[in-house]
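The numbering of the sequence shown is my numbering, which starts it at 10 and goes up by one. The structure appears below as structure tokens.
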Amino acid sequence: MKIAGCTNAGLERLRVRLPRRDGRGAELTLQALPLGFSRRLRGLGVVPPVAPLKVARDAQGKPLRHADGLAVVSADEQEPGFRAALEEYHQRVSVLAIVEALKGDPNVVFETVLGSPPDWCAYADGVFAEMERAGWTAGDLAWLCGEVCRLSHLGEQTLAESERLFFPEGDGWATS
Numbered sequence: 010m011k012i013a014g015c016t017n018a019g020l021e022r023l024r025v026r027l028p029r030r031d032g033r034g035a036e037l038t039l040q041a042l043p044l045g046f047s048r049r050l051r052g053l054g055v056v057p058p059v060a061p062l063k064v065a066r067d068a069q070g071k072p073l074r075h076a077d078g079l080a081v082v083s084a085d086e087q088e089p090g091f092r093a094a095l096e097e098y099h100q101r102v103s104v105l106a107i108v109e110a111l112k113g114d115p116n117v118v119f120e121t122v123l124g125s126p127p128d129w130c131a132y133a134d135g136v137f138a139e140m141e142r143a144g145w146t147a148g149d150l151a152w153l154c155g156e157v158c159r160l161s162h163l164g165e166q167t168l169a170e171s172e173r174l175f176f177p178e179g180d181g182w183a184t185s
């Protein structure tokens, strides 16, 4: 693709410094996420969990039924196992977005390697553990994800939705 006779010179980059009170946070070079990043993750098996179904009940606890006699069911998005799996999914997406954004920084090397056959969920979990060992905080992860979203021109609405899903109610924080 050419625009005004010029081809794309590559993904936009930004130099950031992890916020630290003493001002000595690590300097990182981020690059924008490529078009199709989310689709690529799904193709690699990083997919959101599906909420289990529950039978809808009336005030007396009896199952509600459709006109044909079948029970009415709905997604149980409050089920603890589903909520844990959803949080894990969002954590993996956040980590993989940061890994992708840091590809252009020659100073950042992850010790975690992708196995054979590749298991991207295990890889994301390994990189997350690496970040924990390096002393990163939940705030570091959220802040860096915010920077990657802004650099990638993902709207504030998208960022706010990602934060809402990544952090349980009451545990989120503003990125702006």
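Glycine included, C-beta positions come from ideal geometry on N, C-alpha and C.
For residue i, the residue or residues it bridges with in DSSP
i     : result
LEU62 : ALA84
VAL25 : LEU37
Own chain residues within Cβ distance below 8 angstroms of residue i, not counting five before or after
i      : result
GLY113 : LEU20, ARG22, THR38, LEU39 and GLN40
PRO61  : ALA84, ASP85, GLU88, GLY90 and PHE91
GLY124 : ALA131 and TYR132
PRO72  : VAL64, ALA65, ARG66, ALA80 and VAL81
LEU53  : PRO127 and TRP129
Endpoints, alpha helix (DSSP H) assigned at residue i
i     : result
LEU50 : 46–52
Cβ-based neighbour list, residue i, same chain, cut-off 7 angstroms, excluding 5 preceding and 5 following
i      : result
LEU42  : ALA106, GLU109, ALA110, VAL157 and SER161
GLU36  : ARG24 and ARG26
HIS75  : VAL81
LEU153 : ILE107
GLU139 : PHE119, GLU120 and THR121
Residues of its chain near residue i, where Cβ-Cβ distance is below 6 angstroms and the 5 sequence neighbours each way are ignored
i      : result
VAL32  : Correcting the residue type first, residue 32 is Gly in the shown sequence and not Val. Here the set comprises nothing.
VAL104 : ALA133, VAL136 and PHE137
ASN116 : none
ARG29  : none
ALA93  : none
PRO57  : TYR98
(message) Could you tell me which whole alpha helix (DSSP H) segments of length 4 or greater appear in the segment 68–155?
(response) Within the segment 68–155, the alpha helix (DSSP H) runs of at least 4 residues that lie entirely inside it are, in chain order, 89–110 and 129–142.
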